[in-house]
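Report on the following structure.
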């Protein structure tokens, strides 16, 4: 008996955990700028600088980029920005993880609060949410092929899994210059730049990933003694080099704007109306092939005792990958909106369930609205939450599936009409449906040379089927084959034996002349 072996690479989810960390800092007004009369808003972005796994811990280094916009006591040119950066370190404990595993950390800002200490100093507090997912690629030795003996019986089972090809990370540098409209005043001070990248199209060739995306850019600036807003969609294409991809290789993509620089320039008329933007977008890609393979989970011989070597394998069987886009709408009429400057948000998944052959996904979209209030023409912000729920067909998946949904905001559209703010949002959801399984596989078979003596066994055995009996187990117990039992008993459905059913097992006698 000659055995040919193979290495099976399977992905296993080791752990997931969320933690919150409080980041505090203070910022001072530059000497060239006037005193603070009123803080209009404070916000910020989180950038993960590095992640590292040591035994049972994820070490995270990050940076919070705070931005404060305030109004001074001057009559004109009286709105200014303040910036402050504060780094942080956090540990996330997940038992059983080590440096050989892959980690994905997603940061989000829960809230940012400010305290005006005096007319030159602002104290900032930011609550940051960090969600970490750790995965591991296991290599399991399996039997790929056997030059079978006629008396060797093999029980095989099909498994579906994601074969991880590679994990790639790259940065796209996006440059664009655009001019504000004719009806808008020149730019005196840029107060806020919000950038949201999202994927439009993805193509994989033999040696590269081609990403076509859009960087949605929202700008609030001060000019003409008032606040103004600009919104632009900047298309871009980025190439990521890779190797060993096949024609049907799949890719999970994640984009994040990690930094943005800008410069205000004059147009041909000498007005400060051109905004030069340079954005850095981090693109992370996980390349994998969806594969199906038969593995041997048991074996025996009808003539000789065998020694089996087993190995337990924990796998996430890939059942289905779904890309879903949801349109979410909300009307807000309980606030006194006079003018909307910008709306931003980031979706969060709060629950995944498999119910009545459907995948139920529930999420919430917290949004921040930057606006001018009708009462006193005051500039301020407010927060709203848009809950959403949707169903995706998941027929015949089974109840033991594990569902993971990654949601990204594609765009926000809004209109203000008759004191009602109408918000329309597109959320892109990537739904991975997997089945977590533990399975024992045979990774080696040894011949012992010890023959099985059937001489003392009765010529006919009548076996009464017990609950949970499988035909394979009965055949193995009595050193016969499933085919012989099926033939002797005219069994129509071998996979569905009924308890109490009688099965006749005949002793097979080999006669040599």
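In the numbering used here, the protein residues as written are 13 to 525. Each residue gets a CB set at the ideal place from its N, CA and C atoms; glycine is no exception. Predicted model only: the values in this text are computed from it and were never measured.
For residue 505, I'd like the list of residues in its chain whose CB is within less than 7 Å of its CB, leaving aside the five on either flank, ordered along the chain.
none
State the start and end residues of the unbroken alpha helix (DSSP H) segment that holds residue 313.
Counting along the chain, residue 313 falls outside any alpha helix (DSSP H), though it belongs to the beta strand (DSSP E) covering 284-313.
Looking only at C-alpha atoms, which of 78, 430, 446 sits nearest to residue 343?
430
I'd like the list of long-range same chain contacts for residue 524, defined as Cβ closer than 7 Å, with 5 residues on each side in sequence excluded.
Residue placement at residue 524 cannot be trusted, given a pLDDT of 47 that sits under 50; what the coordinates show is reported in the next sentence. Contacts found: none.
For residue 340, the residue or residues it bridges with in DSSP:
437
Answer yes or no: do residue 214 and residue 261 have a C-beta to C-beta separation smaller than 8 Å?
no
Whole angstroms is fine: what's the gap from residue 251's alpha carbon to residue 176's?
20 Å
Residue 379 and residue 355 closer than 8 Å at C-beta:
yes
Which of helix, strand or coil does DSSP assign to residue 483?
helix
Do you know how far the Cα of residue 57 is from the Cα of residue 239?
22 Å
Are the CB atoms of residue 109 and residue 78 nearer to each other than 8 Å?
no
Extent of the continuous beta strand (DSSP E) run through residue 517
514-518
Rounded distance between the beta-carbons of residue 50 and residue 82, thought under 8 Å
7 Å
Taking the Cβ atom as the reference point for each residue, do residue 323 and residue 152 lie within a distance shorter than 8 Å?
yes
Going by DSSP in three states, residue 220 sits in which element: helix, strand or coil?
strand
Three-state secondary structure (DSSP) of residue 241
strand
Residue range of the unbroken alpha helix (DSSP H) whose run includes residue 162:
Per DSSP, residue 162 belongs to no alpha helix (DSSP H) and is neither H nor E.
Would residue 263 be called buried (16 or more neighbouring beta carbons within 10 Å of its own) or exposed?
buried
Around the C-beta of residue 408, are 16 or more other C-beta atoms found within 10 angstroms, so that it is buried, or is it exposed?
exposed
Close Cβ partners of residue 337 (< 8 Å) along its chain, the five nearest in sequence each way excluded
422, 438, 439, 440, 441
Where residue 494 sits in the DSSP three-state scheme:
helix
Looking at the C-beta of residue 431, does it have a partner C-beta in chain D at a distance below 8 Å?
Any reference to chain D falls outside this structure, which holds one protein chain only.
State the CB to CB distance for the pair residue 101 and residue 73, rounded to an integer number of angstroms; the pair is presumed to be in contact (CB under 8 Å).
6 Å
What separation, rounded to the nearest whole angstrom, lies between the Cα atoms of residue 188 and residue 226?
12 Å
Which word fits residue 328, buried or exposed, when buried means at least 16 other C-beta atoms lie within 10 angstroms of its C-beta?
buried
Taking only three categories from DSSP, how would you classify residue 370?
strand
Can you tell me where the beta strand (DSSP E) with residue 469 in it begins and where it stops?
Taken as a continuous stretch (DSSP letters only), residue 469 belongs to no beta strand (DSSP E), as it is neither H nor E.
Can you give me the Cβ contacts of residue 271 inside the same chain, cut-off strictly under 6 Å, excluding the 5 residues immediately before and after it?
292
Determine the burial state of residue 206: buried for a count of at least 16 other Cβ atoms within 10 Å of its Cβ, exposed for fewer.
buried
Own chain, CB closer than 6 Å to residue 230, minus 5 neighbours either side, in chain order:
206, 243, 354
Measure the beta-carbon distance from residue 386 to residue 418 and round it to whole angstroms, keeping in mind my assumption that it falls under 8 Å.
Actually they do not touch by this definition, with Cβ atoms about 39 Å apart.
With 16 other Cβ atoms within 10 Å as the buried cut-off, status of residue 23:
buried
Classification of residue 405 by the beta-carbon crowding that lies within 10 angstroms, buried from 16 upward:
exposed
Go ahead and pull the three-state DSSP assignment for residue 489.
helix
Mind the definition here: the stretch 453-460 touches the stretch 304-320 only if three or more C-beta pairs lie below 8 Å; say whether that holds.
yes
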